[in-house]
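Undergrad: Chains as they are written, first to last, in the numbering used here: chain A, 145 to 452; chain B, 145 to 452; chain C, 145 to 452.
Just so it is clear, CB atoms sit at the ideal spot from N, CA and C, and this is done for glycine as well.
My questions all concern the structure below.
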Amino acid sequence: MDIQPTPVQLIANIIQAKIVGNASLLVTGINEIHCVREGDIVFVDHPKYYQKALQSKASVVIINQETECPDTKALLIHDQPFTAFNQLIRHFQPIRYSLTTISPSAQIGKHTIIFPNVYIGNNVIIGDHTIIYPNTVIYDNCVIGNHVKIHANCTIGADAFYYKKHPDSFEQLETCGNVCIEDYVHIGANCTIDKGVTSSTIIGAHTKLDNHVHVGHDTKIGKRCLIAAHTGIAGATTIGDYVTIWGQVGISSGIHIGNNVTILAQSGVGENISDGQTYFGSPAGPAKEKMREVFAVKQLVKLIHKLY
Amino acid sequence: MDIQPTPVQLIANIIQAKIVGNASLLVTGINEIHCVREGDIVFVDHPKYYQKALQSKASVVIINQETECPDTKALLIHDQPFTAFNQLIRHFQPIRYSLTTISPSAQIGKHTIIFPNVYIGNNVIIGDHTIIYPNTVIYDNCVIGNHVKIHANCTIGADAFYYKKHPDSFEQLETCGNVCIEDYVHIGANCTIDKGVTSSTIIGAHTKLDNHVHVGHDTKIGKRCLIAAHTGIAGATTIGDYVTIWGQVGISSGIHIGNNVTILAQSGVGENISDGQTYFGSPAGPAKEKMREVFAVKQLVKLIHKLY
Amino acid sequence: MDIQPTPVQLIANIIQAKIVGNASLLVTGINEIHCVREGDIVFVDHPKYYQKALQSKASVVIINQETECPDTKALLIHDQPFTAFNQLIRHFQPIRYSLTTISPSAQIGKHTIIFPNVYIGNNVIIGDHTIIYPNTVIYDNCVIGNHVKIHANCTIGADAFYYKKHPDSFEQLETCGNVCIEDYVHIGANCTIDKGVTSSTIIGAHTKLDNHVHVGHDTKIGKRCLIAAHTGIAGATTIGDYVTIWGQVGISSGIHIGNNVTILAQSGVGENISDGQTYFGSPAGPAKEKMREVFAVKQLVKLIHKLY
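Have a look at this one:
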């Protein structure tokens, strides 16, 4: 998320951290490593990812070990970077629960129909000619386009499923992102689309989701995709345009699915898929190969039957 | 759906089509190809399905190519049969959104309990001794029997997931059907049952659904079935009586499952199943064969272990 | 559930049963076979389970055949033990539907936030510093701890999916149990957790559930578990502490998962898993073995390709 330009010294005071490097920087945003820009503050708490953070576009890195600082950056040394990051998000975007069914700060476009029992949080923006069916819930800061349909009992913008493991508990990452649903998207009944951690979960224009679909935090789905019922897509994954996903498919976090891909029903996708491929199976692979495997196992049964 | 008897010439005027064949026919219904009766109007837009439509019971066929017309029928020639069909549905059943939580046109039987935050649309009929738990949503025109239980957060009667692909967008088929839930049915929490396109999605008497079950448009489920959690059944499928379906099963569209069938958990059914069979696997087959395959693969691992 | 101490003779009168054995006993609870204690009444209706019931801690057994009675027990002879058991549950815990959105008998702690359109049933107890997001439904008698988050559109405490098959119908077991959600638990959006039949379904402290998770009746989930989206856990299963379950996993009823277990995505678990194991596949087995099977099938395809 963007913040008002803030001296890095002030940030250091908030989280009680020591500054190393360029102490005169101005911070203009708070973001997770996978969507950082210049001016942003980011955190890293595992040596495995130190270099990725230090070489990212981020201007300020909260880190749990003093290390060499690139010329243009500042480091904030803190024992618990994850906790410090949460503290900053709360500081710059304090939670304000709206306990009215439609927040006074929500903006709703022309010719848009909001059915009864819908909840619309703070700062939500909804375009024109859109229909929100009964009992759907839209959390704070989400943006819904024009000519969108969201069927009943959907949850748009709940928290990311993102926790840091401590010995006796899990610490949840505070989320300040949102969900953006572009024009002409249809969302089936009882779907859930989680908000981005610091940026947006996006459903591209003209994409259609069937019922019970789950889309994790920060996932970006392209335009003109069809996604059938009970499919679950984990966080921080990107999906191209014109992708067809059949029912009960599972897709792991952090992977990339190209354009014009087809994923057959009940597949479990754990790797990137390039443009135009058709995938099947759990674990999924190119459909032709997987169909050969199905055939081969049938042959094997016959062979064993002969032998025994 | 049924309509008042309407001269085919009037239909032709509404959608701006040319009539070929018997121009004096009266149209009495609008239906999809899989549920047409005499007197109905149907559409077809792909040469592959022309003969099926022309030989169906439909009296009038909207078609995108002039072709020989059977004696008893009329053809309506139109560039975009799908769009023309949508236009007719909207003409004969214009959408009227009810923005009250319980529509004044809904009929609710005796000794029936409607919990708070339930939404009941226009012309819904609910029988006697039925319980609708909180926050469930019932769309227009659905029919619910006697002694039915529908648990919380269900969505009954949302749109069919049925789209025609255009180069840059998807056109949704307008739906004028409904959902019929027969007597003594129980529906678990957070289920979704989509309405039929032009006829009914049916859940037969005494059938029990667990939580998170999805039933697609125009699917007919028989009597006394048990369907466990997270099962998804696509559109236009028929399922017999006394069928047991375990958890997380997926069933494709347009297939037929017989009576007394058992489908084991996580199966993916893509073909018809005859009476009395037990199926398993993804893709599913007779359970005995699939168990032999599971065994064979274990033997194969041992064999490969010896060879390498 | 516990009941006021009640002479067994009075119980016999309520259900019109004949007493065999110790007729002077006091009944202090009504429970299912898997959670009976001394003083309880239990039922059994199949000879296969007679010994289990007779040797259980239950003091009184409703049974459909006269048999030898252990010294310290009483038998209640009844043609339909299941129906008689239901009759007792309704006698001692008659249903009282609350048709207000928040029942006057619910207790809600300090600093707890209840969003709009939430339904809270009779006798529900909610702790301090807890957040219940919009449109979630909590059925009667559930107990929610401190520092809990339950996201939107969840259903907590719906009926167990538990039916007795009769030739032409299913008889539902009346449920008088509840759901207990311990401190610091997070429940994602659109989850369902069914109530116990006579005792509690439990989600242990610090456990976090993603969206669309289903937990069946009487299942006990330990502390500090992570359970990803679309996972379904059937009834009367126990899961240890520090268990990680990835997306779209299915777990059968009545089994035991140890501590520190990991279950990979889309697995179908039908057997007990001991501490520390990693499981995969459908049907699931130790992940290393299943990965060898995946590899072996790929080798087999190559071999068949050479042969043909």
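Could you tell me the distance, in whole angstroms, from the CA atom of I246(A) to the CA atom of K442(A)?
TA: Counting from 1 along the first sequence, the entry for residue 246(A) is found at position 102. Counting from 1 along the first sequence, the entry for residue 442(A) is found at position 298. Between I246(A) and K442(A), the C-alpha separation is close to 57 Å.
Undergrad: Report yes or no: is there a C-beta of chain B within less than 8 Å of the C-beta of I429(A)?
TA: Here residue 429(A) corresponds to residue number 285 of the first sequence, with the count starting at 1. Sequence inspection shows Gly at residue 429(A); the Ile mentioned does not correspond to that position. By this cut-off, G429(A) is not an interface position.
Undergrad: Specify the secondary structure class of P191(A) as computed by DSSP and reduced to three states.
TA: The residue given as residue 191(A) occupies position 47 in the first sequence. Helix.
Undergrad: Whole angstroms are fine: how far does the CA of I163(C) sit from the CA of I346(B)?
TA: Here the question's residue 346(B) lines up with position 202 in the second sequence. Here the question's residue 163(C) lines up with position 19 in the third sequence. Roughly 46 Å between the two C-alpha positions.
Undergrad: Measure the alpha-carbon distance for Y328(C) versus G379(A) and round it to whole angstroms.
TA: Walking along the third sequence from the start, residue 328(C) turns up at place 184. Walking along the first sequence from the start, residue 379(A) turns up at place 235. C-alpha separation (whole angstroms): 23 Å.
Undergrad: Run the CB neighbour count on N285(C), radius 10 Å, all protein chains shown included, and call it buried at 16 or more, exposed below.
TA: To locate residue 285(C), count along the third sequence from 1; it is residue 141. N285(C) comes out buried.
Undergrad: H449(B): which of N403(C), V281(C), E433(C), C179(C) sits nearest, CA to CA?
TA: Here residue 449(B) refers to the residue found at position 305 when the second sequence is read from its first residue. Per the Cα distances, E433(C).
Undergrad: From K293(A), F259(A), Y263(A), pick the residue whose C-alpha is nearest to that of H273(A); which is it?
TA: What you label residue 273(A) is simply residue 129 of the first sequence in a count that begins at 1. When each option's Cα is compared against that of H273(A), the closest is K293(A).
Undergrad: If we ignore side chains and look at the alpha-carbon of each, how far apart do T375(A) and S168(B) end up?
TA: Stepping through the first sequence from its first residue, residue 375(A) is reached at position 231. Stepping through the second sequence from its first residue, residue 168(B) is reached at position 24. T375(A) and S168(B): Cα-Cα distance of roughly 49 Å.
Undergrad: How do the segment 197-206 of chain C and the segment 145-161 of chain C stand: do at least 3 beta-carbon pairs fall below 8 Å, yes or no?
TA: Yes: the two stretches touch, three or more of their Cβ pairs being nearer than 8 Å.
Undergrad: Can you name, in chain order, every residue of its own chain whose Cβ lies under 7 Å from the Cβ of C213(A), other than the five neighbours on each side?
TA: Here the question's residue 213(A) lines up with position 69 in the first sequence. Cβ within range, chain order: V164, G165, L219.
Undergrad: When every heavy atom of the ligand NAD is checked, does at least one fall within less than 7 Å of the C-beta of A428(C)?
TA: The ligand NAD is not part of the structure shown, which contains no ligands of any sort.
Undergrad: Since V341(A) and E437(B) should fall inside the 8 Å C-beta cutoff, what is the C-beta to C-beta distance between them, to a whole number of angstroms?
TA: For the purposes of this step, residue 341(A) is identified with residue 197 of the first sequence, where counting begins at 1. For the purposes of this step, residue 437(B) is identified with residue 293 of the second sequence, where counting begins at 1. Not quite, the Cβ-Cβ distance comes to about 42 Å (not below 8 Å), so this is no contact.
Undergrad: Relative to chain A, which residues along the segment 308-337 of chain C have a C-beta separation below 9 Å, given in chain order?
TA: Listed by position, the residues of the segment 308-337 of chain C near chain A (Cβ gap below 9 Å) are Y328, H330, G332, A333, N334.
Undergrad: Going by DSSP, which residues form a beta bridge with S344(B)?
TA: Counting from 1 along the second sequence, the entry for residue 344(B) is found at position 200. Beta-bridge pairing links S344(B) to N322(B).
Undergrad: Excluding five sequence neighbours on each side, which residues of the same chain lie with their C-beta closer than 6 Å to the C-beta of Q410(C)?
TA: Counting from one through the third sequence, the residue named residue 410(C) turns up at place 266. If we look at Q410(C) and ignore the five residues flanking it on each side, its Cβ neighbours are Q392.
Undergrad: Please say whether S418(C) and G360(C) have beta carbons closer to each other than 8 Å?
TA: To locate residue 360(C), count along the third sequence from 1; it is residue 216. To locate residue 418(C), count along the third sequence from 1; it is residue 274. No, the pair does not count as a contact, with Cβ atoms beyond the cut-off.
Undergrad: So that I know if they touch, is there some Cβ in chain C lying closer than 8 Å to that of H374(B)?
TA: Position 230 of the second sequence, counted from the first residue, corresponds to residue 374(B). For H374(B), the answer is yes, since a Cβ of chain C falls inside 8 Å of its Cβ.
Undergrad: Do I389(C) and I371(C) count as a contact pair if the criterion is CB distance below 8 Å?
TA: Looking up residue 371(C) in the third sequence gives position 227. Looking up residue 389(C) in the third sequence gives position 245. Cβ distance < 8 Å, so I371(C) and I389(C) count as in contact.
Undergrad: Is L353(A) closer than 8 Å to I331(A) when the C-beta atoms are compared?
TA: As a first step, residue 331(A) must be located in the first sequence, where it is residue number 187. As a first step, residue 353(A) must be located in the first sequence, where it is residue number 209. Their beta carbons are under 8 Å apart, which means I331(A) touches L353(A) by this criterion.
Undergrad: Would you mind telling me which residues of chain B sit closer than 7 Å to Q505(C), beta carbon to beta carbon, in chain order?
TA: Here chain C has residues from 145 to 452 only, and residue 505(C) is not among them.
Undergrad: By Cβ distance below 6 Å, which residues in the same chain neighbour G183(A) in space, the five residues on each side in sequence not counted?
TA: Taking the first sequence and counting its residues from 1, one reaches residue 183(A) at position 39. Correct list, in chain order: T172, G173, S203.
Undergrad: I'd like the list of long-range same chain contacts for I257(A), defined as Cβ closer than 8 Å, with 5 residues on each side in sequence excluded.
TA: Here the question's residue 257(A) lines up with position 113 in the first sequence. T274, I275, I276, listed in sequence order.
Undergrad: Candidates K364(C), C335(C), G366(C), D362(C): which alpha carbon is nearest V357(A)'s?
TA: For the purposes of this step, residue 357(A) is identified with residue 213 of the first sequence, where counting begins at 1. Closest option to V357(A), Cα to Cα, is C335(C).
Undergrad: Indicate the three-state DSSP secondary structure (helix, strand or coil) for H273(C) in the structure shown.
TA: What you label residue 273(C) is simply residue 129 of the third sequence in a count that begins at 1. Looking at H273(C) - three-state DSSP - the assignment turns out to be coil, as it is neither helix nor strand.
Undergrad: Determine the extent of the beta strand (DSSP E) in which A431(B) is found, giving its start and end residues.
TA: One-based indexing of the second sequence puts residue 431(B) at position 287. A431(B) -> not in any beta strand (DSSP E); alpha helix (DSSP H) instead, spanning 431-451.
Undergrad: Name the chain C residues that come within less than 7 Å of A167(B), Cβ to Cβ?
TA: For the purposes of this step, residue 167(B) is taken as the residue at position 23 of the second sequence. In chain order: nothing, as chain C lies at least about 52 Å away.
Undergrad: Please list the segments of the beta strand (DSSP E) lying wholly inside the segment 340-384 of chain C, counting only runs of 3 or more residues, in order along the chain.
TA: Taking only runs of at least 3 residues, the beta strand (DSSP E) segments lying wholly in the segment 340-384 of chain C are 344-347.
Undergrad: Along the chain, which unbroken stretches of the alpha helix (DSSP H) at least 4 residues long are found entirely within the segment 147-182 of chain B?
TA: Within the segment 147-182 of chain B, the complete alpha helix (DSSP H) runs of at least 4 residues are 152-159.
Undergrad: Please report the distance separating the alpha-carbon of Y241(C) from that of F259(B).
TA: Mapped onto the third sequence, residue 241(C) falls at position 97. Mapped onto the second sequence, residue 259(B) falls at position 115. C-alpha separation (whole angstroms): 8 Å.
Undergrad: Would you please verify whether the beta carbon of Y306(A) is less than 8 Å from any beta carbon of chain B?
TA: On the first sequence, position 162 is the one that residue 306(A) refers to. Output row for Y306(A): interface = no.
Undergrad: What does the alpha-carbon distance come out to for the pair C179(C) and V405(A)?
TA: For the purposes of this step, residue 179(C) is taken as residue 35 along the third sequence, with counting starting at 1. For the purposes of this step, residue 405(A) is taken as residue 261 along the first sequence, with counting starting at 1. The straight-line gap from Cα to Cα measures roughly 50 Å.
Undergrad: Please report the straight-line C-alpha distance between C298(A) and Y194(A), rounded to a whole angstrom.
TA: Residue 298(A) sits at position 154 when you count from the first residue of the first sequence. Residue 194(A) sits at position 50 when you count from the first residue of the first sequence. Cα to Cα, the separation comes out at about 38 Å.
Undergrad: Which value, in whole angstroms, describes the spacing of the CA atoms of A333(B) and I337(C)?
TA: Taking the first residue of the second sequence as position 1, residue 333(B) is located at position 189. Taking the first residue of the third sequence as position 1, residue 337(C) is located at position 193. Distance between the alpha carbons of A333(B) and I337(C) is about 9 Å.
Undergrad: Going along the segment 341-373 of chain A in order, which residues come within less than 7 Å of chain C, judged by CB to CB distance?
TA: Residues passing the 7 Å Cβ filter: H356, H358.
Undergrad: With 16 as the cutoff for other CB atoms within 10 Å, does R234(A) come out buried or exposed?
TA: The residue you call residue 234(A) lines up with position 90 of the first sequence. Per the 10 Å Cβ criterion, exposed.
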